[in-house]
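My numbering puts the first residue of the first sequence at 16, with every later residue one more than the last.
Every residue gets a Cβ at the ideal spot worked out from N, C-alpha and C, and that includes glycine.
Accompanying notes for the structure given below.
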Amino acid sequence: MNEAFFARPVLEVARDLVGCVVAHGPAAGVIVETEAYHETEAACHAHIGLTPRTRVLFATPGTAYVYRSYGIHALLNAVCEPEGVGAAVLIRALEPVAGLELMRERRGREREEDLCSGPGKLTQALAIELGENETSLLRGPIAISPGDPPPIVVGTRIGITRAVELPWRFCAAGSRHVSRPRPRQ
DNA sequence: CATGGGATTGACT
DNA sequence: GTCAATCCCATGC
Numbered sequence: 016m017n018e019a020f021f022a023r024p025v026l027e028v029a030r031d032l033v034g035c036v037v038a039h040g041p042a043a044g045v046i047v048e049t050e051a052y053h054e055t056e057a058a059c060h061a062h063i064g065l066t067p068r069t070r071v072l073f074a075t076p077g078t079a080y081v082y083r084s085y086g087i088h089a090l091l092n093a094v095c096e097p098e099g100v101g102a103a104v105l106i107r108a109l110e111p112v113a114g115l116e117l118m119r120e121r122r123g124r125e126r127e128e129d130l131c132s133g134p135g136k137l138t139q140a141l142a143i144e145l146g147e148n149e150t151s152l153l154r155g156p157i158a159i160s161p162g163d164p165p166p167i168v169v170g171t172r173i174g175i176t177r178a179v180e181l182p183w184r185f186c187a188a189g190s191r192h193v194s195r196p197r198p199r200q
């Protein structure tokens with residue numbers, strides 16, 4: 016994946032990332048769920064402007080934004096749009112394709128659909144931590160590569176309190192690895 | 001410097 | 001369906 020891919024409008028990138036592959040070391044999965052965030056709407060962290068925390072959201076497209084949620088979970092985002100625009104795609108769920116035994120150890124779960132079916136789950140399964148914040152998704156250690164685009168179902172974003180009505184969630188239709196609640200088909 | 005809230009998950013009723 | 005765990009950082013005094 017190159018920088019031009021991520022430099023486009025965040026809604027396009029969010030849709031196109033479904034079907035792509037995320038790899039970290041020996042563990043990898045196909046993206047089955049994403050959400051778009053943009054500085055112009057209040058649910059985006061960049062909405063408050065440039066702070067030490069949000070600085071990365073305005074950085075070079077293709078940069079990783081990894082932050083801690085609810086004091087416990089690390090969430091993985093891909094910074095989008097041209098440098099200077101605060102926008103990112105939240106990677107919310109994967110279909111595991113490599114390193115499944117490692118994922119089972121890290122997650123303490125056996126079932127395949129429990130390994131990466133949520134934004135906090137997939138970072139645990141891939142061992143992605145806050146130290147990977149601001150690293151490049153073009154060069155690794157976290158890498159995103161192209162895949163086959165599946166049929167997409169669009170819905171509203173999950174777990175937010177502001178701008179809840181925007182249909183900015185993109186899921187692979189019928190996938191068992193999408194997080195709950197599943198969107199209507 | 002103190003406080004409060006959050007792009008979640010899993011255990012429990 | 002309800003609820004606690006737990007930490008980064010923005011905000012306000």
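6 Å Cβ shell around Leu91 - same chain, five flanking residues per side excluded: Val81, Ile106, Thr138 and Ile143
Let me know the secondary structure DSSP gives His53 once reduced to three states. strand
Grab me the residues of Pro136's own chain with a C-beta within less than 6 Å of its C-beta, minus the 5 sequence neighbours each way, in chain order. Residue identity differs from the one stated: residue 136 is Lys in this sequence, not Pro. For Lys136, where only same-chain residues beyond five positions count, there are no Cβ hits under 6 Å.
Gly8 (DSSP reduced to helix, strand or coil): There is no way to answer for residue 8, as the model of the chain reaches only from 16 to 200.
Residue(s) in a DSSP beta bridge with Phe20: In DSSP, Phe20 forms no bridge with anything.
Among Arg124, Arg195, Leu117 and Arg70, which has the Cα closest to the Cα of Thr171? Arg195
Arg199 to Arg184 span [Cα, whole Å]: 12 Å
Taking 8 Å as the cut-off, decide whether the C-beta atoms of Ser132 and Ala103 are in contact. no
Taking the alpha carbon of Arg154 as the point to measure from, which residue in Gly189, Val37 and Arg124 has its own alpha carbon closest? Val37
Three-state secondary structure (DSSP) at Thr78? strand
Secondary structure of Val36, DSSP reduced to three states: strand
I'd like to check one pair, Ala42 with Leu152: are the Cβ atoms closer than 8 Å? no
With Leu141 and His39 assumed to form a contact (beta carbons below 8 Å), what rounded beta-carbon distance in angstroms separates them? 4 Å
Hey, out of Val33, Leu65, Glu56 and Glu147, whose CA is closest to Ala89's CA? Glu147
Please report the distance separating the alpha-carbon of Gly189 from that of Ile46. 13 Å
Using a threshold of 7 Å, is the CB atom of Ala178 nearer than that to any non-hydrogen atom of the ligand FMN? As far as ligands go, the structure on display features none, and thus does not contain the ligand FMN.
Rounded to the nearest angstrom, what separates Gly101 and Gly64 at their Cα positions? 8 Å
Give the straight-line distance between the Cα atoms of Arg122 and Leu130, rounded to the nearest whole angstrom. 6 Å
Rank Ala93, Gly86, Ala113 and Ala51 by C-alpha distance to the C-alpha of Val71 and give the top, closest one. Ala93
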